[in-house]
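By the UniProt record's numbering, the letter at position 36 of the sequence shown is numbered 36, and the numbering carries on one by one without gaps.
C-beta: ideal position from N, C-alpha, C; glycine also.
Below is one structure, written out as structure tokens; comments come after it.
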Amino acid sequence: MSVGSAAPRDTVKNGHSASGSQQYHCKDCGAHKVLDPEPRGYSEEEKEKILRAYRERGSKRAISRIFGISRNTLNRWLEKRDTKPTQ
């Protein structure tokens, strides 16, 4: 493993990122890097699945409880969906 141009022996493990991927620290240059970063947030498929469940007469509270998302997140997605320009 190397961070940038550092040799493998100059890098050490340094915790985990918010998504759970291993972080590394270069002792020489002080750089921090995640070698295999995971995308944060929800995929478009997950969002569509949750919004479809809401459209099928689910309440915001029930949807947030079932899927484990915040009601604020659900509200934000609904606002974005409602403000999309129609073609």
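Exercise for review: In the DSSP assignment, find the beta strand (DSSP E) that holds Tyr54 and state where it starts and stops.
Suggested key: The residue you call residue 54 lines up with position 54 of the sequence shown. Premise fails: Tyr54 lies in the alpha helix (DSSP H), Glu44 to Arg55, not in any beta strand (DSSP E).
Check your understanding: Of all the options Asp28, Gly30, Ile69 and Gln22, which has the alpha carbon lying nearest to the alpha carbon of Lys47?
Key -> Counting from one through the sequence shown, the residue named residue 47 turns up at place 47. Per the Cα distances, Ile69.
**Study point:** Contact belief for Arg71 with Arg61 at Cβ below 8 Å, rounded distance in angstroms
**Key:** On the sequence shown, residue 71 is found 71 positions in, with the first residue counted as 1. On the sequence shown, residue 61 is found 61 positions in, with the first residue counted as 1. Yes, they are in contact, since the Cβ atoms of Arg71 and Arg61 sit about 7 Å apart, within 8 Å.
Check your understanding: What residue range is occupied by the uninterrupted beta strand (DSSP E) comprising Lys33?
Key -> Taking the sequence shown and counting its residues from 1, one reaches residue 33 at position 33. Its beta strand (DSSP E) spans residues His32 to Val34.
Review point. With 16 as the cutoff for other CB atoms within 10 Å, does Cys26 come out buried or exposed?
Key: The count along the sequence shown starts at 1 and reaches residue 26 at position 26. Counting Cβ neighbours within 10 Å, Cys26 comes out buried, since at least 16 surround it.
Exercise for review: In the DSSP assignment, find the unbroken beta strand (DSSP E) run with Thr11 in it and report its ends.
Suggested key: Taking the sequence shown and counting its residues from 1, one reaches residue 11 at position 11. Counting along the chain, the beta strand (DSSP E) containing Thr11 begins and ends at Thr11 to His16.
Check your understanding: If you check the beta carbons only, do Asp36 and Ser21 fall under 8 Å apart?
Key -> The residue labelled residue 36 in the question sits at position 36 within the sequence shown. The residue labelled residue 21 in the question sits at position 21 within the sequence shown. A contact, by the Cβ cut-off of 8 Å.
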